[in-house]
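Peer 1: Residue 144 in numbering that gives the first Met the number 0 sits at position 145 of the sequence shown; the count goes up by one each step and never skips. A single structure is presented below for examination.
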Amino acid sequence: MSHSLMLFSIVASSFTGGAKLAWSLVSFPALLGTLDSLPEAAALDIWYHTFEHGFLMVAPLTLVSGVVCLVNAYLAHSRGSGSTSTGLLSLAGLANIGITPFTFAFGVDVNAELHLRRATHGKKDTSHDARLRSGVRGTTPSQQALGVASTAEILRRWALLNGVRALLPLTGALLVCGCLLLEV
């Protein structure tokens, strides 16, 4: 078990979770508060650029932090540090990496609908989610419901899902802190 790797995981997980919470609790309520005076296309542009920056910066750091936790769990196990440390570090790694399956399970429809709405406002969308728009809309009850929801409702749902996603790396950081405290 490496303390420097554990500290990296704590800092990286806290940063990514904090960034996600800031977007959900500060930036998006501010965006939603201006929708009456802000054109929908502008709101979708703001969402898009936030989404892209988050995907490029936060997602890789969260996954690396998760892998580092799993490496530390392996090191703890191989050095006989105890099953509690191994378990906490494994859970921390899975909590961080859990953002990806959570997004696929709950966020793909919302992301695809927002990308689609942005594209229909004349903005060229070259993101990694562009492929999701073709044939996705209206194929499930969830997607059909999104099709009739207002952009503000979909942005609120995105902010909520993003806030829940923030809890995963923050939980990972707390688990690694718990592991460090057990060693004291």
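Where a beta carbon is used, it is the ideal one built from N, C-alpha and C, also for glycine.
#1: Using the three-state DSSP reduction, which class does His48 fall into: helix, strand or coil?
#2: Can you name the start and end residues of the alpha helix (DSSP H) that Leu87 belongs to?
#3: Does Leu115 pass the burial test, meaning 16 or more other C-beta atoms within 10 Å, or should it be called exposed?
#4: Determine the burial state of Pro168: buried for a count of at least 16 other Cβ atoms within 10 Å of its Cβ, exposed for fewer.
#5: Might you give, ordered along the chain, the residues of its own chain that have their beta carbon closer than 7 Å to the beta carbon of Ala165, omitting 5 neighbours on each side?
#6: Give me the Cα-Cα distance between Gly81 and Tyr73, rounded to the nearest whole angstrom.
#7: Using the rule of at least 16 other Cβ atoms within 10 Å of the residue's Cβ for burial, across every protein chain shown, is Ala111 buried or exposed?
#8: Does the contact criterion of 3 or more C-beta pairs under 8 Å hold for the stretch 58-72 versus the stretch 92-100?
#9: Quick check on Thr33: does DSSP put it in helix, strand or coil?
#10: Between the alpha carbons of Leu31 and Ser3, how many angstroms are there, rounded?
#11: Mapping the DSSP letters down to three states, classify His120 as helix, strand or coil.
#12: Only counting the same chain, and skipping five residues up and downstream in sequence, which positions put a Cβ closer than 7 Å to that of Leu181?
#13: What whole-angstrom Cβ distance do Asp44 and Arg117 have, given they're in contact under 8 Å?
#14: If you measure between the beta carbons of Ser1 and Asn71, is that distance less than 8 Å?
#15: Check Met0 in the structure and name its three-state DSSP category.
#16: Which two residues bound the contiguous alpha helix (DSSP H) that contains Arg156?
Peer 2: According to the structure shown:
#1: Taking the first residue of the sequence shown as position 1, residue 48 is located at position 49. Looking at His48 - three-state DSSP - the assignment turns out to be helix.
#2: On the sequence shown, position 88 is the one that residue 87 refers to. That run of the alpha helix (DSSP H) goes 82-96.
#3: Here the question's residue 115 lines up with position 116 in the sequence shown. Leu115 comes out buried.
#4: Working through the sequence shown from its first residue, we reach residue 168 at position 169. Under this definition Pro168 is a buried residue.
#5: On the sequence shown, residue 165 is found 166 positions in, with the first residue counted as 1. Counting only Cβ-Cβ distances below 7 Å, and skipping sequence neighbours, we find Gly16, Lys19, Leu20, Ser23.
#6: Along the sequence shown, one-based indexing puts residue 81 at 82. Along the sequence shown, one-based indexing puts residue 73 at 74. The alpha-carbon atoms of Gly81 and Tyr73 are separated by roughly 11 Å.
#7: The sequence position of residue 111 within the sequence shown is 112, counting from 1. Its Cβ being crowded by 16 or more others within 10 Å, Ala111 is buried.
#8: In this structure the stretch 58-72 touches the stretch 92-100; the number of beta carbon pairs closer than 8 Å is three or more.
#9: Here residue 33 is taken as the residue at index 34 of the sequence shown, counted from 1. Thr33: coil per DSSP, three-state reduction.
#10: The sequence position of residue 31 within the sequence shown is 32, counting from 1. The sequence position of residue 3 within the sequence shown is 4, counting from 1. Each residue's alpha carbon lies about 40 Å from the other.
#11: Stepping through the sequence shown from its first residue, residue 120 is reached at position 121. If DSSP states are grouped into helix, strand and coil, His120 belongs with coil.
#12: Indexing the sequence shown from 1 puts residue 181 at position 182. Once the five neighbours on either side are set aside, the close Cβ partners of Leu181 are Thr83, Ser84.
#13: Counting from 1 along the sequence shown, the entry for residue 44 is found at position 45. Counting from 1 along the sequence shown, the entry for residue 117 is found at position 118. Distance from Asp44 to Arg117 at the Cβ level is roughly 7 Å; contact confirmed, criterion being Cβ atoms closer than 8 Å.
#14: Your numbering for residue 1 matches position 2 in the sequence shown. Your numbering for residue 71 matches position 72 in the sequence shown. Yes, the pair counts as a contact, with Cβ atoms nearer than the cut-off.
#15: Counting from 1 along the sequence shown, the entry for residue 0 is found at position 1. Of the three classes helix, strand and coil, the one that applies to Met0 here is coil, per DSSP.
#16: Position 157 of the sequence shown, counted from the first residue, corresponds to residue 156. From DSSP, the alpha helix (DSSP H) with Arg156 extends over 150-182.
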